[in-house]
Amino acid sequence: GQQLNQSPQSMFIQEGEDVSMNCTSSSIFNTWLWYKQDPGEGPVLLIALYKAGELTSNGRLTAQFGITRKDSFLNISASIPSDVGIYFCAGLYPETSGSRLTFGEGTQLTVNP
Amino acid sequence: GAVVSQHPSRVICKSGTSVKIECRSLDFQATTMFWYRQFPKQSLMLMATSNEGSKATYEQGVEKDKFLINHASLTLSTLTVTSAHPEDSSFYICSAPDRSVYEQYFGPGTRLTVT
């Protein structure tokens, strides 16, 4: 099925550094969701965005819903070792797909202490 | 946020047997739930949409007779892998949307190993 273009695929950073990842799509979405998945676990919702241009924070995480409604980014500031995991973006357009999410391919984040 | 549970968290079964995985929304009702399959280091692949009180909708290429889905109540959906084979070994995850806020919550996943 359709997937979002998520980049980068992987990142290796030092503890304390900031991280940025983004997702782009050829289709517009009404909702963008960012998830984190730890090994052997299900994805956990980090941030939900509902309006174009919206900028939302959750602790050290900040995400924005792009003005064109076709992209979103997630920033993590001052990374710590427990930030390690796979981050997925997901888009939702209920009018055409109900509650079906379209996922990005994931960004594998490694944080070196 | 809302909570979705899955049971069992991991299961090992022999080839030819069937395995049932349960997905429950614990603090909200879900008329729709989704079942995903995930291979190592890959994104989630949607298998089917479970609809309360009606038949599930399967994605292209997913065998509905092999992956039986039942959504008997507003808080429970089950996925039964019938006549399991080693190639069915995977991580299966369910999710449920909380329609009031258009957010979707995932279960913790079920690791299936078929020997």
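So the protein lines, in turn, are chains A and B.
Counted from 1, the first sequence has number 13 at position 13 by this note's numbering; the numbering is strictly sequential.
Counted from 1, the second sequence has number 1071 at position 71 by this note's numbering; the numbering is strictly sequential.
Glycine included, every Cβ here is placed at the ideal spot set by N, Cα and C.
Chain order gives no chain B residues near Q14/A, where near means a beta carbon separation below 8 Å; the closest approach is about 23 Å. N112/A is classed as exposed because its beta carbon has fewer than 16 other beta carbons within 10 Å across all chains shown. Going by C-alpha positions, Y1092/B is about 27 Å away from F73/A. The contact set of Y1105/B on chain A, defined by CB atoms closer than 8 Å, consists of L45 in chain order. Between the segment 84 to 102 of chain A and the segment 22 to 40 of chain A there are three or more C-beta pairs closer than 8 Å, enough to call the two in contact. For the segment 70 to 101 of chain A, the continuous beta strand (DSSP E) assignments of 3+ residues that do not extend past its boundaries occur at 71 to 76 and 85 to 92, in sequence order. In chain order, G40 make up the part of chain A whose C-beta sits under 8 Å from the C-beta of R1111/B. Beta bridge pairing from DSSP links T1075/B with no other residue.
If you draw a straight line from the Cα of E1063/B to the Cα of I1069/B, it comes to about 11 Å. If you ignore the 5 residues before and after P39/A, its C-beta comes within less than 8 Å of the C-beta of G85, all in its own chain and listed in chain order.
In this structure A90/A is in contact with L33/A, their Cβ atoms being roughly 5 Å apart against a cut-off of 8 Å. Sequence-ordered contacts of the segment 78 to 98 of chain A with chain B read I86, F88, A90, L92, P94 and G98 [C-beta pairs closer than 9 Å].
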